[in-house]
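Here the structure is laid out as structure tokens; the discussion comes afterwards.
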Amino acid sequence: AQSVTQLGSHVSVSEGALVLLRCNYSSSVPPYLFWYVQYPNQGLQLLLKYTTGATLVKGINGFEAEFKKSETSFHLTKPSAHMSDAAEYFCAVIPFGNEKLTFGTGTRLTIIP
Amino acid sequence: GAGVSQSPSNKVTEKGKDVELRCDPISGHTALYWYRQSLGQGLEFLIYFQGNSAPDKSGLPSDRFSAERTGGSVSTLTIQRTQQEDSAVYLCASSLGGSSGNTIYFGEGSWLTVV
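Order-wise, the sequence lines are chains Y and H. Just so you know, the working numbering puts the end of the first sequence at 124, numbered straight through with nothing missing. Just so you know, the working numbering puts the end of the second sequence at 1008, numbered straight through with nothing missing.
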């Protein structure tokens, strides 16, 4: 079965520092890949997704992610953290030819002033 | 509205009672999903509807849980004889369907507390 692993349930970075949230998937066939963000007491909002084409994907709020087939990874980055980035981030996959979105366990991002 | 609409936004119910949670997907979206988010369990898939196809019910945790989608639009998730472990946020989502790459849009969720 398709699965997705997020390394680090909690990540803290200083304001202005690089944000790196890790995501790995398990599949012999590359799936469709997504990052969602959830702010406190709110629903899930799509940050970015990879389906086909360019492996470096740019999303909202300055985030980007790179699909690396050789590493089965889809890590999320942002060059300079803002206080407003504090939230929980979920990596998710849909296996090719499927419609079921499977989530990782999430990473809570804290920004240190 | 433009997004996925869920009601009620908050529900407190007594153990043993039945509850119904409603989801109104984005107009024109043929795919509809229900997920559950609870502490310690993350985001769990419950059920998926796509057009007129038989729903994928593989994520429903017990036979106390059921869902229907009427007219290919509004969906209702029903939990019978609620238990305390059913306390969670129930999230509905929709997409255009037909392709795994379509964005799945989520509602704000229905917060269920069983006391």
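Heads up, the beta-carbon is just placed ideally off N, CA and C, and yes, glycines get one too.
Measure the beta-carbon distance from residue i to residue j and round it to whole angstroms, keeping in mind my assumption that it falls under 8 Å.
i        : j        : result
Y/Met94  : Y/Ile71  : With 8 Å as the limit, Y/Met94 and Y/Ile71 do not qualify as a contact, their Cβ atoms being about 17 Å apart.
H/Ala981 : H/Arg929 : 5 Å
Y/Phe114 : Y/Val22  : Not a contact, Cβ separation roughly 17 Å.
H/Ala960 : H/Trp927 : 6 Å
H/Leu984 : Y/Gly54  : 7 Å
Y/Asn35  : Y/Thr83  : 5 Å
Y/Asp96  : Y/Val40  : Contact doesn't hold; Cβ gap of about 32 Å is too wide.
H/Gly935 : H/Gly965 : Incorrect: roughly 29 Å between the Cβ atoms, too far for contact.
So with CB distances below 9 Å, who are the chain Y contacts of residue i?
i        : result
H/Gln943 : Glu110
H/Gly990 : Glu110
H/Asp949 : Glu110, Lys111
H/Phe938 : Lys111, Leu112, Thr113, Phe114
List, in order along the chain, the chain H residues whose C-beta lies closer than 9 Å to that of residue i?
i       : result
Y/Lys60 : Gly994, Thr996
Kindly identify the DSSP beta-bridge partner or partners of residue i.
i        : result
H/Gly935 : H/Ser931
H/Arg974 : Partner(s): none; H/Arg974 has no beta bridge.
H/Arg915 : H/Ser900, H/Thr969
Y/Asn35  : Y/Thr16, Y/Ser84
H/Asp949 : H/Tyr941
Y/Gln49  : Y/Leu55, Y/Glu99
H/Ser987 : H/Leu925, H/Tyr998
Y/Lys69  : Y/Glu75
Y/Lys89  : Y/Val30
Y/Lys60  : Y/Phe45
H/Ala981 : H/Leu1005
Give me the chain H residues within the contact set of residue i, using Cβ-Cβ distance strictly less than 7 Å, ordered along the chain.
i        : result
Y/Glu54  : Reading the sequence as shown, one finds Gly at residue 54 of chain Y and not Glu. Those are Leu984, Phe999, Gly1000, Glu1001, Gly1002, listed as they occur along chain H.
Y/Phe101 : Leu936
Anyone know if the C-beta pair for residue i and residue j falls short of 7 Å?
i         : j        : result
Y/Phe85   : Y/Thr66  : no
H/Gly909  : H/Arg957 : no
H/Gly990  : H/Ala924 : yes
H/Phe938  : H/Arg962 : no
Y/His33   : Y/Leu44  : In the sequence as displayed, the identity of residue 33 of chain Y is Arg instead of His. No. Outside cutoff.
Y/Trp46   : Y/Leu87  : yes
Y/Ala92   : Y/Tyr50  : no
Y/Lys60   : Y/Gly73  : no
Y/Leu58   : Y/Val68  : no
H/Thr1006 : H/Glu913 : no
H/Asp917  : H/Val967 : yes
H/Ser987  : H/Ile919 : yes
For a test of your reading of the model: does the CB of residue i fall under 6 Å from any non-hydrogen atom of the ligand SAH? Yes or no.
i        : result
H/Pro948 : For the ligand SAH, the structure offers nothing, since it holds no ligand at all.
List, in chain order, every chain Y residue whose beta-carbon is nearer than 7 Å to that of residue i.
i        : result
H/Gly935 : Phe114, Thr116, Gly117
H/Asp979 : Simply none; closest approach about 19 Å.
Just the chain H side, please: which residues come within less than 8 Å of residue i by C-beta, in chain order?
i       : result
Y/Phe85 : Chain H residues near Y/Phe85: none, gap ~14 Å exceeds 8 Å.
Y/Leu57 : Thr996, Ile997, Tyr998
Y/Phe74 : Chain H residues near Y/Phe74: none, gap ~15 Å exceeds 8 Å.
Which chain Y residues sit within Cβ distance under 8 Å of residue i?
i        : result
H/Ala924 : Glu110
Evaluate contact between the region 899-916 of chain H and the region 104-122 of chain Y, counting only Cβ atoms and requiring at least three cross-stretch pairs below 8 Å.
no
Sufficient close CB pairs (3 or more, under 8 Å) joining the region 103-116 of chain Y to the region 993-1007 of chain H
yes
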